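Visitor: Sequence order for the protein chains is A and B. Start counting the first sequence at 1; every next residue gets the next number (my numbering). Start counting the second sequence at 1; every next residue gets the next number (my numbering). Glycine included, every Cβ here is placed at the ideal spot set by N, Cα and C. Just so we're clear, the structure is a prediction, and the values are computed from it rather than from any experiment. I'd like to ask some things about the structure below.
Number of protein chains: 2
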Amino acid sequence: MDAIARIERSLAEALEPGTTPPLLSLAMRHAVFPGGARIRPRLCLAAAEACGGDDPALADATAAAIELLHCASLVHDDMPAFDDAAMRRGRLTVHKAYGEPLALLVGDALIVLAFQHVLRCPTAHAERVRTVLRIVSEAVGTPAGIVAGQAWECEPRVDLSAYHRAKTAALFAGASMAGAAAAGGPVEAWRAVGERLGEAYQVADDIADALAAEEEFGKPVGQDAAHGRPSAVRELGLQGAVARLHALAESAATAVPDCPGREQLGALIRQEARRLLPKSLAAAAT
Amino acid sequence: MDAIARIERSLAEALEPGTTPPLLSLAMRHAVFPGGARIRPRLCLAAAEACGGDDPALADATAAAIELLHCASLVHDDMPAFDDAAMRRGRLTVHKAYGEPLALLVGDALIVLAFQHVLRCPTAHAERVRTVLRIVSEAVGTPAGIVAGQAWECEPRVDLSAYHRAKTAALFAGASMAGAAAAGGPVEAWRAVGERLGEAYQVADDIADALAAEEEFGKPVGQDAAHGRPSAVRELGLQGAVARLHALAESAATAVPDCPGREQLGALIRQEARRLLPKSLAAAAT
């Protein structure tokens, strides 16, 4: 079974409705299915496989947990208090489809479900479960997880590097480290892989945001500028941002620790980096 | 050190600001300090003590986690999407003091912190950590934890009993069970203690809500009715609700499993039930 199939199956198991209030259950599924590229859980599974993949059930649950937390953050970030976004992945956002009260609860429920899903996993490795969840919780919470990253948007002064590290890189780092931990591998050695890939992803996001606005309004000022958010394009210019993206992706690939799956994972990372760039820029950069 | 001191110390440790964004850190502390009666974490510690209390560090962390989750739910429930409450415990609610974006993030961060705090506990009992967190996550999430309870308010049809069980009783049940688990005690035997106390607490809340409205508006219609929420007073009448509260508290006290601390805990529960009733009713009922 390929990585995506494993991830989707694990997510489907986590989101079995059972006796959950029906609208909450529907709204939770709306937030998770159909997914995007599932890049974080794929990174998580890839790290677990590279480390030997001796506990696939725990690896699958860990990967799904990472994705559930990512989806939770999207639901809350889309709400009127933040981006006030009406659409995501071509469909209504959760609060537009189900209302703000349920959107608020969907985020909360998905955060908890991420932990539940790993805790329910019938693995004999209790100590690994503890390590996995510690990594995951640090990647999401305070002081420097994605919730803290989002909170930097509420501060009068922002350190752009700390903001990007927390808002995006933290969950990528958590994905690679938790994947390794699920397979009993080393943890800290995997931090740089996810962290750099996460930074690359955020820079790619800033580039896409700026280019979309350029097409629409004739100048590279998009949602980031509209919301007064820091952006690599505003800091480095468009060409500087593209160069930074490539440097980060290469740096992520070379950071993969020595292990059986090192080459394969390096190739995946480079491939993802090319996919992250808008087509016009990717062609110019190769 | 008495129970309250242990709980406050553990909460203070959990909320050490570190490198958390400053406003988020302040808003999180606003949500947790000063506290209310801390009744859930006291129940949790009491269950751990009654079971032998052989791992006080884990018991303290578990009790604090229960309170952090309770505080998180209050922050989100107070927001405009739900109660739109301006005041709590005599102070501004978090969204009134720090704005909606930070209030949303405070709830998220406190949920994650509850797990982090237990995961950071330097206990040798990895299997107990797993059990404690499984109990805690079920008490908060889907299908029947407090988030699911809140979601019943968004459904067109509500089962009053399922609603109360999830919205309030679930976290009380989790408090008693997780406390027992932290001390290596039996888990299921403790469910009824918290569940009944939680139901009693919700009935007391309905009574207080109705009486406060009666004083103010001359009729027993308060926030519950204003928001179209189910209420024991609306279902059973005021006298019926008081009788139900007493029956539930007595039932909780007698449900305490056979253990060294059984008498003491029974006394605590009966004392709490009296404290929960408005003074006029408590005098009439004794």
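Could you check the C-alpha separation between residue 298 of chain A and residue 46 of chain B for me, to the nearest Å?
Guide: Lying before the first or after the last residue shown, residue 298 of chain A is absent from chain A, which here runs from 1 to 286.
Visitor: Between residue 119 of chain A and residue 113 of chain B, what straight-line distance do the alpha-carbon atoms span, to the nearest angstrom?
Guide: Within the first sequence, numbered from 1, the residue matching residue 119 of chain A stands at position 119. Within the second sequence, numbered from 1, the residue matching residue 113 of chain B stands at position 113. Spanning the two alpha carbons is a distance of roughly 16 Å.
Visitor: One question on the structure: do residue 171 of chain B and residue 70 of chain B come within less than 8 Å of each other, judged by their Cβ atoms?
Guide: For the purposes of this step, residue 171 of chain B is taken as the residue at position 171 of the second sequence. For the purposes of this step, residue 70 of chain B is taken as the residue at position 70 of the second sequence. Against a cut-off of 8 Å, the Cβ pair of residue 70 of chain B and residue 171 of chain B comes out as a contact.
Visitor: List, in order along the chain, the chain B residues whose C-beta lies closer than 7 Å to that of residue 82 of chain A?
Guide: Working through the first sequence from its first residue, we reach residue 82 of chain A at position 82. In chain order: 101.
Visitor: Taking 7 Å as the limit between beta carbons, can you name the residues of its chain near residue 286 of chain A, skipping five residues before and five after?
Guide: For the purposes of this step, residue 286 of chain A is taken as the residue at position 286 of the first sequence. In this prediction, residue 286 of chain A scores a pLDDT of 46, lower than 50, which makes its location untrustworthy; the coordinate-derived value is nonetheless stated afterwards. Taken in chain order, the list of residues that qualify is empty.
Visitor: Residues of chain B with a CB under 8 Å from the CB of residue 264 of chain A: which are they?
Guide: For the purposes of this step, residue 264 of chain A is identified with residue 264 of the first sequence, where counting begins at 1. Correct list: empty, because the minimum Cβ distance to chain B is about 31 Å.
Visitor: Could you tell me whether any Cβ in chain B is nearer than 8 Å to the Cβ of residue 220 of chain A?
Guide: As a working note, residue 220 of chain A is residue 220 in the first sequence. Summary for residue 220 of chain A: the model assigns pLDDT 49, below 50, so the residue's position carries little reliability; its value from the coordinates is reported in the next sentence. So, not an interface residue.
Visitor: In whole angstroms, what separates the C-alpha of residue 55 of chain A from that of residue 77 of chain B?
Guide: By one-based count along the first sequence, residue 55 of chain A stands at place 55. By one-based count along the second sequence, residue 77 of chain B stands at place 77. Spanning the two alpha carbons is a distance of roughly 39 Å.
Visitor: Is the Cβ-Cβ distance between residue 256 of chain A and residue 245 of chain A less than 8 Å?
Guide: On the first sequence, position 256 is the one that residue 256 of chain A refers to. On the first sequence, position 245 is the one that residue 245 of chain A refers to. Not closer than 8 Å, so no.
Visitor: Establish whether the CB of residue 12 of chain A and some CB of chain B are separated by less than 8 Å.
Guide: Here residue 12 of chain A corresponds to residue number 12 of the first sequence, with the count starting at 1. No, its Cβ sits nowhere closer than 8 Å to a Cβ of chain B.
Visitor: Name, going along the chain, the residues of the segment 108-132 of chain B whose beta-carbon falls closer than 8 Å to a beta-carbon of chain A.
Guide: For the segment 108-132 of chain B, which is checked against every Cβ of chain A, the residues closer than 8 Å are 108, 109, 111, 112, 113, 115, 116, 119, 120, 126, 127, 129 and 130.
Visitor: Report the neighbours of residue 335 of chain B on chain A: residues whose CB is nearer than 9 Å to its CB, in chain order.
Guide: Because chain B here runs from 1 to 286, residue 335 of chain B falls outside it and cannot be looked at.
Visitor: May I ask you to list, following chain order, the residues of the segment 179-205 of chain A that have a beta carbon less than 8 Å from some beta carbon of chain B?
Guide: Here the close residues number zero.
Visitor: Just checking my contact of residue 132 of chain A with residue 181 of chain A at CB under 8 Å: how many whole Å lie between their CB atoms?
Guide: Looking up residue 132 of chain A in the first sequence gives position 132. Looking up residue 181 of chain A in the first sequence gives position 181. Sure, about 5 Å apart at Cβ, within 8 Å.
Visitor: Please name the residue in A/36, A/202 and A/65 whose C-alpha comes closest to that of residue 90 of chain A.
Guide: Here the question's residue 90 of chain A lines up with position 90 in the first sequence. The shortest C-alpha separation from residue 90 of chain A is found at A/36.
Visitor: How about residue 292 of chain B and residue 23 of chain A: are their beta carbons less than 8 Å apart?
Guide: Residue coverage of chain B in this structure runs from 1 to 286, which leaves residue 292 of chain B outside it and unanswerable.
Visitor: Quick check on residue 27 of chain B: buried or exposed, where buried means 16 or more other Cβ atoms within 10 Å of its Cβ?
Guide: Taking the second sequence and counting its residues from 1, the one referred to as residue 27 of chain B is at position 27. Buried: at least 16 other Cβ atoms inside 10 Å.
Visitor: Compute the Euclidean distance between the alpha carbons of residue 220 of chain A and residue 211 of chain A, then round it to the nearest angstrom.
Guide: As a first step, residue 220 of chain A must be located in the first sequence, where it is residue number 220. As a first step, residue 211 of chain A must be located in the first sequence, where it is residue number 211. Its pLDDT being 49, under 50, residue 220 of chain A is placed unreliably in this model, and the coordinates cannot settle the point.
Visitor: Determine, using beta-carbon pairs with one atom in the segment 145-154 of chain B and one in the segment 119-128 of chain A, whether at least three such pairs fall under 8 Å.
Guide: Touching, no, given that fewer than three Cβ pairs across the two stretches are closer than 8 Å.
Visitor: Is residue 286 of chain B helix, strand or coil by DSSP?
Guide: Counting from 1 along the second sequence, the entry for residue 286 of chain B is found at position 286. Caution applies to residue 286 of chain B, whose pLDDT of 47 falls short of 50 and renders its modelled position unreliable; the value that the coordinates give is listed next. Three-state result, residue 286 of chain B: coil.
Visitor: Under three-state DSSP, which class holds residue 28 of chain A?
Guide: Taking the first residue of the first sequence as 1, we reach residue 28 of chain A at position 28. Three-state DSSP puts residue 28 of chain A in a helix.
Visitor: Which whole-angstrom value describes the C-beta separation of residue 208 of chain A and residue 273 of chain A, a residue pair presumed to lie in contact below a C-beta threshold of 8 Å?
Guide: As a working mapping, residue 208 of chain A is identified with position 208 in the first sequence. As a working mapping, residue 273 of chain A is identified with position 273 in the first sequence. Rounded, the Cβ-Cβ distance is 13 Å, inconsistent with contact.
Visitor: Going along chain C in order, which residues have a C-beta closer than 8 Å to the C-beta of residue 85 of chain A?
Guide: This model lacks chain C altogether, as its protein chains are A and B.
Visitor: Nearest to residue 184 of chain B by CA position, among B/125, B/271, B/95 and B/204, is which residue?
Guide: Translated into the one-based positions of the second sequence, residue 184 of chain B becomes position 184. The option with the nearest alpha carbon to residue 184 of chain B is B/125.
Visitor: For residue 161 of chain A, would you say it is in contact with chain B, using Cβ-to-Cβ distances shorter than 8 Å as the test?
Guide: For this step, residue 161 of chain A is matched to residue 161 along the first sequence. Not one chain B Cβ lies under 8 Å of residue 161 of chain A.
Visitor: Listed from N- to C-terminal order along the chain, which residues in the segment 137-159 of chain B have their beta-carbon within a distance smaller than 8 Å of any beta-carbon of chain A?
Guide: Listed in sequence order: 137, 138, 140, 141, 142, 143, 144, 145, 147, 148, 150, 151, 152, 153, 154 and 155.
Visitor: Going by alpha carbons, who is nearest to residue 153 of chain A out of B/254, B/248, B/101 and B/40?
Guide: Counted from its first residue, the first sequence places residue 153 of chain A at position 153. Ranking the options by Cα distance to residue 153 of chain A, first place goes to B/101.
Visitor: Pull the bridge partners of residue 102 of chain B from the DSSP assignment, please.
Guide: Counting from one through the second sequence, the residue named residue 102 of chain B turns up at place 102. None; residue 102 of chain B has no bridge partner.
Visitor: I'd like to know if residue 62 of chain A contacts chain B, where contact means its C-beta is closer than 8 Å to some C-beta of that chain.
Guide: Taking the first sequence and counting its residues from 1, one reaches residue 62 of chain A at position 62. Not closer than 8 Å to any Cβ of chain B, the Cβ of residue 62 of chain A fails to qualify, so no.
Visitor: By alpha-carbon positions, which one of A/59, A/162, A/57 and A/75 ends up nearest to residue 232 of chain A?
Guide: Start at 1 with the first residue of the first sequence, and residue 232 of chain A comes out as number 232. The shortest C-alpha separation from residue 232 of chain A is found at A/162.
Visitor: Tell me, which residues are paired with residue 87 of chain B by DSSP?
Guide: Within the second sequence, numbered from 1, the residue matching residue 87 of chain B stands at position 87. In DSSP, residue 87 of chain B forms a bridge with B/92.
Visitor: Does residue 76 of chain B get closer than 8 Å to chain A when you measure Cβ to Cβ?
Guide: As a first step, residue 76 of chain B is located in the second sequence; it is residue number 76 there, counting from the start. Closer than 8 Å to some Cβ of chain A, the Cβ of residue 76 of chain B qualifies, so yes.
Visitor: Of all the CB atoms in chain B, is at least one closer than 8 Å to the CB of residue 68 of chain A?
Guide: Locating residue 68 of chain A in the first sequence gives position 68, where the first residue counts as 1. Chain B, which has no Cβ nearer than 8 Å to the Cβ of residue 68 of chain A, makes this no.
Visitor: Within its chain, find whatever has a CB closer than 8 Å to the CB of residue 288 of chain A; leave out the 5 residues flanking it on each side and keep chain order.
Guide: In the structure as shown, chain A starts at 1 and stops at 286, and residue 288 of chain A therefore has no counterpart that could be examined.
Visitor: Tell me which residues share the same chain as residue 111 of chain A and place their Cβ nearer than 6 Å to its Cβ, disregarding the 5 neighbours each side in the sequence.
Guide: Counting from one through the first sequence, the residue named residue 111 of chain A turns up at place 111. Only 72 meet the Cβ criterion.
Visitor: If residue 176 of chain B sits next to residue 259 of chain B, beta carbons under 8 Å apart, how far is it from one beta carbon to the other, in whole angstroms?
Guide: Counting from one through the second sequence, the residue named residue 176 of chain B turns up at place 176. Counting from one through the second sequence, the residue named residue 259 of chain B turns up at place 259. The pair is not a contact, with the Cβ atoms about 12 Å apart (cut-off 8 Å).
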